[in-house]
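> Starting off with a structure, shown below.
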Amino acid sequence: MDTVATIDIGALFGPAGPDRDAADAALWDGLRSTGSVIIRNYPEAEKVDERARAGLGVFDLPEAQRRALTTRLEVSGNPNLYRGYWPVTPGRKLQNDYFDVGPADPEPGPDLPGAEMLAEPTPWPDPEPEPGWCATVRAHYDHLNRVAQAMIRSLGRSAGFDEAAIGARFDGAHSTLRFLSYAKGAANPETGPDGVKVSAARHLDESGLSLLWQEAPGLEAEGQDGVWRAIPMVENAISVHVGSVMTGLTRGVVPATPHRVRASDGPRRSVGFFLEPALSAPLTPADHAGETSVRESYAWQLLKTFSARPHWKGTIPDPETGAA
Ligand SMILES: O=C(O)CCC(=O)C(=O)O
Ligand SMILES: [Fe+2]
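Note that UniProt numbering has the sequence shown beginning at 1, numbered continuously upward.
Right, dumping it as structure tokens:
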């Protein structure tokens with residue numbers, strides 16, 4: 001099977017000029033042709049494997065401690081609804097347990113019913129899986145956020161948009177660092193049109209950009225040519241996938257990356273960083289002139305999406321109608 005290319009993005013962290021232009025072009029060409037690329041040579045790239053593996057220690061906690069971190073939708077009386085631990089449920093496209101970490105200082109979004117939950121604090125394990133664990137997870141969040149912010153501006157430039165206008169949408173703190181664990185043999189009933197058995201069915205992320213890391217192989221990205229390519233297992237490998245929010249901000253110029261995970265016999269763990277807009281940021285194209293309303297905000301879109309999901313029924317009101 002083909003694999004995606006590896007791109008040197010070091011110059012994205014330096015001044016504007018020919019080197020940065022070349023890095024812009026390499027990232028742009030890579031994402032446009034194969035949907036995803038592996039990045040290298042950015043600050044602290046050598047820390048990625050160590051921090052990702054440490055964070056995955058959340059899955060080694062005793063069951064009672066994982067329950068204490070679980071969303072109130074599953075364990076009544078718990079404080080968190082949105083961040084924290086989500087056990088696998090049948091029928092979900094991605095057949096994993098996951099633990100979601102939000103920003104250290106969540107910024108409240110627009111005043112909409114149900115929106116408080118989107119800015120809730122992350123529940124932290126107490127005691128930590130190992131001393132220093134929370135600080136390592138925070139460092140990983142901050143690191144991937146910095147790298148993703150540099151790339152979203154780069155893609156904005158390549159797509160012909162004002163990088164400041166693109167960047168401004170992602171400046172507020174709302175992104176998600178997610179630790180994922182697929183049980184041995186986890187599989188979705190869907191198979192690809194090519195008959196491939198998957199533990200995460202083909203999907204687009206609703207992020208600006210997603211940065212993914214895997215402990216075992218399985219992740220694949222679909223290029224504009226319709227060809228599936230494996231994300232290779234190399235040291236400190238972060239793969240980049242465009243999310244549908246970036247497609248909207250650029251009027252479709254930057255296509256989102258379909259991706260999936262092949263089912264495997266053994267268990268598999270992975271880590272995702274989803275660069276998301278600020279809750280109050282509008283999702284209108286970045287060159288949109290004029291007023292925007294709260295209906296165009298990212299918080300509105302999240303509530304609209306969540307209120308339509310069966311497990312949120314009775315918890316999240318539809319922002320359109322106010323009905324829960
Ligand atoms: O497990 C993986 O490698 C991919 C996860 C993914 O696509 C997602 O969480 O959106
Ligand atoms: Fe995804």
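We put the beta carbon where it would ideally sit given N, CA and C, even for glycine.
With the cut-off set at 8 Å, would you say Leu81 and Thr315 are in Cβ contact?
In contact: Leu81 and Thr315 (Cβ atoms closer than 8 Å).
> First and last residue of the alpha helix (DSSP H) that includes Ala135?
Counting along the chain, the alpha helix (DSSP H) containing Ala135 begins and ends at 133-158.
> What residue ranges within the UniProt domain "Fe2OG dioxygenase" (172-277) form continuous alpha helix (DSSP H) runs of no fewer than 4 residues, ordered along the chain?
Fully enclosed alpha helix (DSSP H) runs of 4 or longer: 244-249.
> Whose CA, out of Gly248, Leu302, Val240, lies closest to the CA of Phe273?
Looking at the Cα atoms, Val240 is the closest of the given residues.
> Answer with buried or exposed for Thr34, where buried requires no fewer than 16 other C-beta atoms within 10 angstroms of its C-beta.
Thr34 is buried by the Cβ-count criterion.
> Helix or strand or just coil, what does DSSP make of Pro310?
Correct three-state label for Pro310: helix.
> Please report the distance separating the alpha-carbon of Gly266 from that of Ala187.
Looking at the two C-alpha atoms, the distance is approximately 11 Å.
> Compare the beta carbon distance of Leu204 and Ala256 with 8 Å and say whether it is the shorter of the two.
Result yes, Cβ atoms of Leu204 and Ala256 sit closer than 8 Å.
> Identify which residue in Val137, Arg251, Leu303 has its Cα closest to the Cα of Lys47.
Per the Cα distances, Val137.
> Look up Asp282 in the DSSP assignment and say whether it is helix, strand or coil.
Here residue 282 turns out to be Pro, not Asp, going by the sequence shown. Looking at Pro282 - three-state DSSP - the assignment turns out to be strand.
> On the DSSP letters alone, give me the boundaries of the alpha helix (DSSP H) that Phe161 sits inside.
No alpha helix (DSSP H) contains Phe161, which DSSP labels as neither H nor E.
> Measure the alpha-carbon distance for Trp28 versus Gly77 and round it to whole angstroms.
The alpha-carbon atoms of Trp28 and Gly77 are separated by roughly 47 Å.
> What's the gap between the Cα of Ala64 and the Cα of Thr70?
So the alpha carbons of these two residues sit roughly 10 Å apart.
> For Trp86, name the three-state secondary structure that DSSP assigns.
If DSSP states are grouped into helix, strand and coil, Trp86 belongs with the strands.
> What I want to know is whether the C-beta of Ala200 ends up closer than 7 Å to one or more non-hydrogen atoms of ligand 1.
Yes, the Cβ of Ala200 comes within 7 Å of a heavy atom of ligand 1.
> Could you pull out every residue in the same chain whose Cβ sits closer than 7 Å to the Cβ of Pro103, ignoring the five residues on either side in sequence?
The answer, listed in chain order, is Ala173, His174, Ser175.
> Do you know how far the Cα of Glu163 is from the Cα of Ile38?
Computed Cα separation, rounded: 22 Å.
> So, Phe161 versus Gly208, is the Cβ gap smaller than 8 Å?
Result no, Cβ atoms of Phe161 and Gly208 do not sit closer than 8 Å.
> Here's a check: name, in chain order, each residue in its chain whose Cβ is nearer than 7 Å to the Cβ of Arg20, leaving out the five neighbours to either side.
Around Arg20: Ala11, Leu12, Gly14.
> Taking C-beta to C-beta, are Ala263 and Ser181 nearer than 8 Å?
Against a cut-off of 8 Å, the Cβ pair of Ser181 and Ala263 comes out as no contact.
> Determine the burial state of Gln224: buried for a count of at least 16 other Cβ atoms within 10 Å of its Cβ, exposed for fewer.
Under this definition Gln224 is an exposed residue.
> So the candidates are Pro232, Pro282, Phe306, Asp8; which of them puts its Cα closest to the Cα of Ala26?
Checking every option, the nearest Cα to that of Ala26 belongs to Asp8.
> Between the alpha carbons of Asp2 and Pro232, how many angstroms are there, rounded?
Approximately 9 Å between the Cα atoms of the pair.
> Taking the C-alpha atoms as reference points, what is the distance between Asp194 and His259?
Cα to Cα, Asp194 sits roughly 14 Å from His259.
> Are there three or more Cβ pairs, one per stretch, closer than 8 Å when the region 115-122 is compared with the region 48-56?
The region 115-122, when compared against the region 48-56, does not touch it at the 8 Å Cβ threshold.
> Just to confirm my understanding: we take Val196, look at its own chain, exclude 5 residues before and 5 after, and list those with CB closer than 7 Å. What are they?
So the qualifying residues of the chain are Arg262.
> Would you say Ala54 and Trp133 are within 8 Å of each other, going by their C-beta atoms?
Yes, the Cβ-Cβ distance between Ala54 and Trp133 is below 8 Å.
> Could you please give the first and the last residue of the uninterrupted beta strand (DSSP E) stretch that includes Val101?
First-last of the beta strand (DSSP E) with Val101: 97-101.
> Quick one: what does DSSP say Val37 is sitting in, helix, strand or coil?
It is a strand residue.
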